[in-house]
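Q: Residue numbers (UniProt numbering): 1 to 361.
All C-beta atoms in this analysis are idealised placements derived from N, C-alpha and C, irrespective of residue type, glycine included.
Just so we're clear, the structure is a prediction, and the values are computed from it rather than from any experiment.
This structure is in structure tokens; I'll ask about it shortly.
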């Protein structure tokens, strides 16, 4: 994922309403992302492009959702390289409103929706073919991403490691585990494992390996972090998890909570998208394993990725309950609509809302 200063050879222009997959493999995209033009300049140009078409994008998908979604992808990509990628995709649409809409649908259905909902609703075969267009090869995908059954020895080992590392406590609420070996007079509650990069991404049921590769390819490009950085077959590694109460786990997995980094390593401010007891708490991940350690702390890059998705999902209006929207799309006697129609319908029905993260007091 390193870009150079040397532009690639030119090729034929993109077809109208090009998908992200065709954009990524075009010579013009490769040339643009590889130029010496600063990321800040590209992001500004892409933002101006979206702003200039705000009215059309509102009319196209309703409630300005398409505009808000693309803008949030641009604003909240977790790394400069991720921002550069989103900016170049937007600029490659060359003022084609249909292509901008298609990019929003692709990103929403094959990335954001899967990251948030794959573990709950299952996945659907992509409507475009990744086999000849993805930038991540199948061998690279298989090397880094491995199906990891949820109930395995590695998961049980992870639970033991997290209890040691996190001192039997939920990092968000401070609650102690009901089975703690160091009981206190505090009230206790059962704790569970919260994965930072969702476990479901390693288990994209109902999708071919080629399709799974495409989703991980989108993920790698958006976050601007090499896929080797992600847990892959080590999805249950302590660096990708922490202990939490059921309430905190549900909020975290629904992207209603994220950890805002500070200047101090492993110290964060808990941000939420509505007022609740966890908002603006300062927490620090520490390894309490002592002589039985060391045990890896949650990876800051992975927490940044989760935070980026939380901001995109909430700022764009994609936090609307997908299950409710899906129920509205399946009418009695009509059966399931196609994946493409489902994506476009979901994207057009969610309401665009401002980011309402509570600020530090």
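Let me know the secondary structure DSSP gives residue 70 once reduced to three states.
A: It is helical.
Q: Starting from residue 305, follow the alpha helix (DSSP H) in both directions and report where the run begins and ends.
A: Start and end: 300-316.
Q: Identify which residue in 290, 221 and 292 has its Cα closest to the Cα of residue 74.
A: Checked all of 290, 221 and 292; the closest Cα to residue 74 is 221.
Q: For residue 102, tell me which candidate among 77, 84 and 67 has the shortest Cα-Cα distance.
A: Considering only alpha carbons, the answer is 67.
Q: Quick check: residue 172 and residue 283, are their CB atoms within less than 8 Å of each other?
A: Yes, these two residues count as a Cβ contact at 8 Å.
Q: To the nearest angstrom, report how far apart residue 364 and residue 108 are at their CA atoms.
A: As shown, the chain starts at 1 and ends at 361. That puts residue 364 outside it, with no answer to give.
Q: Rounded to whole angstroms, how far is the Cβ of residue 82 from the Cβ of residue 224, which I believe are closer than 8 Å?
A: That pair is a contact at about 3 Å.
Q: Assuming residue 112 contacts residue 309 (C-beta within less than 8 Å), just tell me the rounded distance between them.
A: About 7 Å; that satisfies the 8 Å criterion.
Q: Which residue spans inside the stretch 232-302 form an unbroken beta strand (DSSP E) run of at least 3?
A: List check, beta strand (DSSP E) in window: 241-244, 257-261, 267-272 and 282-284.
Q: In angstroms, rounded to a whole number, what distance separates the CA positions of residue 187 and residue 244?
A: Approximately 15 Å between the Cα atoms of the pair.
Q: Roughly how many angstroms lie between the CA atoms of residue 91 and residue 85, to the nearest whole one?
A: Each residue's alpha carbon lies about 10 Å from the other.
Q: By the DSSP assignment, the beta strand (DSSP E) with residue 194 in it spans what residues?
A: First-last of the beta strand (DSSP E) with residue 194: 192-195.
Q: Go ahead and label residue 286 buried or exposed: buried means 16 or more other beta carbons lie within 10 angstroms of its beta carbon, across all protein chains shown.
A: The residue in question, residue 286, is exposed, as its Cβ has fewer than 16 Cβ neighbours within 10 Å.
Q: Report the rounded CA-to-CA distance for residue 28 versus residue 76, giving the unit in angstroms.
A: Distance between the alpha carbons of residue 28 and residue 76: 24 Å.
Q: Give me the Cα-Cα distance between residue 30 and residue 87, rounded to the nearest whole angstrom.
A: Roughly 13 Å between the two C-alpha positions.
Q: Can you look up residue 176 in the DSSP assignment and give me helix, strand or coil?
A: Note: residue 176 maps to strand in three-state DSSP.
Q: Expressed to the nearest angstrom, what Euclidean distance is found between the alpha-carbon atoms of residue 174 and residue 257?
A: Cα to Cα, the separation comes out at about 15 Å.
Q: Got a sec, what are the start and stop residues for the alpha helix (DSSP H) residue 100 sits in?
A: Where residue 100 is concerned, the enclosing alpha helix (DSSP H) stretches over 97-107.
Q: Rounded to the nearest angstrom, what separates residue 50 and residue 273 at their Cα positions?
A: In a straight line, the C-alpha of residue 50 is about 25 Å away from that of residue 273.
Q: Can you tell me whether residue 246 is buried or exposed, with buried defined as 16 or more other CB within 10 angstroms of its CB?
A: Exposed.
Q: Please state whether DSSP places residue 187 in a helix, a strand or coil.
A: DSSP places residue 187 in coil when its eight states are reduced to three.
Q: Would you mind working out which of 197, 254, 159 and 23 sits nearest residue 314, comparing C-alpha positions?
A: Comparing Cα-Cα distances from residue 314 to each of 197, 254, 159 and 23, the minimum goes to 254.
Q: For the candidate residues 98, 97, 94 and 104, whose alpha-carbon lies nearest to that of residue 71?
A: Closest option to residue 71, Cα to Cα, is 104.
Q: Roughly how many angstroms lie between the CA atoms of residue 89 and residue 312, to the nearest whole one?
A: About 17 Å.
Q: Comparing C-alpha positions only, which one of 99, 56 and 196 sits nearest to residue 249?
A: For residue 249, the nearest C-alpha among the options comes from 196.
Q: Should residue 98 be labelled buried (16 or more other beta-carbon atoms within 10 Å of its own) or exposed?
A: So residue 98 ends up on the exposed side.
Q: For residue 297, which residues in the same chain have their Cβ closer than 8 Å to its Cβ, ignoring the five residues on either side in sequence?
A: Cβ neighbours of residue 297 beyond the five flanking positions: 165, 238, 239, 266, 285, 286 and 287.
Q: In the DSSP output, which residue or residues are listed as bridge partners for residue 169?
A: Partner(s): 176.
Q: How is residue 77 classed by DSSP in three states: helix, strand or coil?
A: Residue 77 falls in the coil class under three-state DSSP.
Q: Does any residue of chain B bring its CB to less than 8 Å from the CB of residue 23?
A: Structure shown: chain B not included; a single protein chain is present.
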